[in-house]
Amino acid sequence: MSPAGPDAHPDAHPDPLLFRTRPGNRRRLTPAAQAEVDRLAAAGEQSAWLSPLAYNLTISHSHRFVWYRVAKVATRTIRHHCETHGVSMDVDHAMRIRYPLASFADYFTFAFVRDPLDRFVSAWHDKVVDHNYYDFDTATHERMQRVEEFARWAAGQDLSAVPGTDQHLTLQSRMIDLNRVDFVGRLETFDRDFGEVCERIGAPAVPTAPKNQTAPGGRDRQVSQELRELVARMYARDYQLFGYPPPA
1 MSPAGPDAHP DAHPDPLLFR TRPGNRRRLT PAAQAEVDRL AAAGEQSAWL
51 SPLAYNLTIS HSHRFVWYRV AKVATRTIRH HCETHGVSMD VDHAMRIRYP
101 LASFADYFTF AFVRDPLDRF VSAWHDKVVD HNYYDFDTAT HERMQRVEEF
151 ARWAAGQDLS AVPGTDQHLT LQSRMIDLNR VDFVGRLETF DRDFGEVCER
201 IGAPAVPTAP KNQTAPGGRD RQVSQELREL VARMYARDYQ LFGYPPPA
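The letter at position 220 of the sequence shown is residue 220 when you use full-length UniProt numbering, and the numbering goes up by one with no holes.
Set out below in structure tokens:
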């Protein structure tokens, strides 16, 4: 495939060590890294040098991994483990980043997912019941204290749109580059699966429970049939791809 820009070159892949987020701003790339991404993008959409879609990424050059972060799925736990065990996060908390594919072709890539119903209820508790994250007016926020009301509102969003949909509600399958991910762990078997990730990246595997998790199988699974049906429709692709049984 021919490069589309006059200055493009088939081997013009950036040094992966250039790809970092800014000190003091863990969400944004450094100017040099952003300039390189912009240069590759300008070279032509057909070059296949950048991922076609944008993802929320954490990248370590020292431990050679790319982590596709899925909000509400042990992100604080994984990040805390890295921080406390000397795992550098050169791209710390980048949001909606198209990344240079060839530069990370030999990095280990992973993600974690969870039952979509548990994830949705967890997002509702955190972002609606405990906070007014979506900035609803007073009357609407009061109405959204019923999870079914919030689910009806969420069902009106395009949950595959990134950017566009809030990361806490986006389809998990959209938050992961499914064509390039090496390992997808589950929150329900977190100790075992994260232990495997730690072994692959050369980090200590210390048993740990996910932080700030809405417990699966507890009171939050005692939900109405309406909620089950709404979540099953909204997250049908996640249920299908990740093998979770749809809520019945």
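Yeah, the Cβ is synthetic: ideal placement off N, Cα and C, and Gly gets one too.
Every value quoted in this text rests on a predicted model; they were computed, and no experiment measured them.
Proximity winner among the options, relative to residue i (alpha-carbon distances)
i: R98; options: D92, Y133, F104, A54; result: A54
i: F108; options: F120, H141, E229, V184; result: V184
i: E148; options: D191, R114, V128, L57; result: V128
i: M175; options: P52, T30, H141; result: P52
i: Q172; options: H80, S88, G243; result: G243
i: D191; options: H81, D135, D90, S88; result: H81
i: Q225; options: L117, Y134, L178; result: L117
i: P100; options: N25, Y134, D177, D115; result: D177
i: F120; options: P204, Q240, Q167, I201; result: Q167
i: L17; options: N25, A74, L29; result: L29
i: E188; options: V87, R114, R76, N25; result: R114
Reduced DSSP category for residue i - H, G, I as helix; E, B as strand; rest coil
i: M144; result: coil
i: R228; result: helix
i: I176; result: coil
i: G243; result: coil
i: P100; result: strand
i: W153; result: helix
i: L169; result: coil
i: M89; result: coil
i: L40; result: helix
i: T18; result: The amino acid occupying residue 18 in the given sequence is Leu; Thr does not appear at that position. In the structure shown, L18 sits in a helix (DSSP, three-state: H, G or I).
i: R27; result: strand
i: R69; result: coil
i: L57; result: strand
i: A35; result: helix
Inter-residue Cα distance where the pair is residue i and residue j
i: V162; j: D130; result: 25 angstroms
i: E196; j: S60; result: 17 angstroms
i: M95; j: E229; result: 31 angstroms
i: I78; j: P247; result: 27 angstroms
i: A32; j: V223; result: 49 angstroms
i: E27; j: R146; result: Strictly speaking, residue 27 in this sequence is Arg, with Glu absent from that position. Between R27 and R146, the C-alpha separation is close to 32 angstroms.
Same chain, Cβ closer than 7 angstroms to residue i, five either side skipped, listed in chain order
i: Q157; result: T165, L169
i: R143; result: E149
i: V181; result: Y68, T109, F110, A111
i: V91; result: F19, R20, T21, L57, T58, I59
i: A123; result: K72, H168, L169
Cβ neighbours of residue i in the same chain (closer than 8 angstroms, five flanking residues each side left out)
i: A41; result: L50, R98
i: D15; result: S103
i: H141; result: V128, N132
Cutoff 6 angstroms; reference residue i; Cβ partners in own chain excluding five residues on either side
i: S62; result: S88
Should the segment 63–81 be regarded as contacting the segment 29–41, the criterion being three or more beta carbon pairs within less than 8 angstroms?
no
Quick check: the segment 232–239 against the segment 100–107, are there 3 or more CB pairs under 8 angstroms?
no
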